[in-house]
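Engineer: Numbering (the working numbering), first residue to last: 19 to 175.
Glycine included, C-beta positions come from ideal geometry on N, C-alpha and C.
Sharing a structure below in structure tokens format, with a few things to ask.
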Ligand code: 4NP
């Protein structure tokens, strides 16, 4: 099983959206026995909470289920997961400080889409303050497609 962890700050807006969208693409591709997704936050203020209603509304509109609860990223996530993908550079810096020579690939989530020439930006802006959840969704879809393509090529799935 290839294990993928999406990481943002609160684990209520961006990373749960990425987890849900990516897992849905994996399921649609018939790869749910090969790839699994989870998400976590670098902050612990929202631990145990449902995702933000902005994220849940966007997911519902696209018929994508999600009922995860926020959790704080743990040191062992950085060895348990094969890929740990940061929504922006601040999370990447946090993860890199906590990565100690593990085989885990730690990267910016959008770096795969940028590499594929699909995007110029490499960070998913935080919709928590400006409410731009539709823009977040568009970036998450593009990022998830590119990352799934990357995994399929790399692991011959
Ligand atoms: P997220 O958004 O990192 O995408 O889940 C945020 C959620 C909560 C806060 C900031 C960003 N907060 O300050 O509580």
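Rounding to the nearest angstrom, what Cα-Cα distance links residue 83 and residue 96 in this structure?
Structural biologist: 26 Å
Engineer: I'd like the ranges of any beta strand (DSSP E) spanning at least 3 consecutive residues and lying wholly in the stretch 90–119.
Structural biologist: 101–104
Engineer: With a threshold of 16 other CB atoms inside 10 Å of the CB of residue 106, please say whether the residue is buried or exposed.
Structural biologist: buried
Engineer: Under 7 Å Cβ to Cβ from residue 88, same chain only, skipping five residues before and after it: list those, please.
Structural biologist: 28, 29, 30, 59, 64, 65, 66 and 67
Engineer: Is it true that the CB of residue 175 sits closer than 8 Å to the CB of residue 46?
Structural biologist: No, they are not a contact pair.
Engineer: Would you say residue 20 and residue 98 are within 8 Å of each other, going by their C-beta atoms?
Structural biologist: no
Engineer: Mind checking whether residue 22 and residue 55 have CB atoms under 8 Å apart?
Structural biologist: yes
Engineer: Is residue 59 close to the ligand 4NP? I mean its beta-carbon at under 7 Å from any heavy atom of the ligand.
Structural biologist: yes
Engineer: If I follow the unbroken alpha helix (DSSP H) through residue 57, where does it start and stop?
Structural biologist: Looking at the DSSP string, residue 57 is not in any alpha helix (DSSP H); the run it does join, the beta strand (DSSP E), is 53–59.
Engineer: Whole-angstrom Cβ separation of residue 122 and residue 102, contact assumed at under 8 Å?
Structural biologist: 6 Å
Engineer: Out of 25, 40, 26 and 34, which one is the CA nearest neighbour of residue 159?
Structural biologist: Closest in alpha carbon position to residue 159, among 25, 40, 26 and 34, is 40.
Engineer: When you compare the CB positions of residue 72 and residue 149, do they come within less than 8 Å of one another, or not?
Structural biologist: yes
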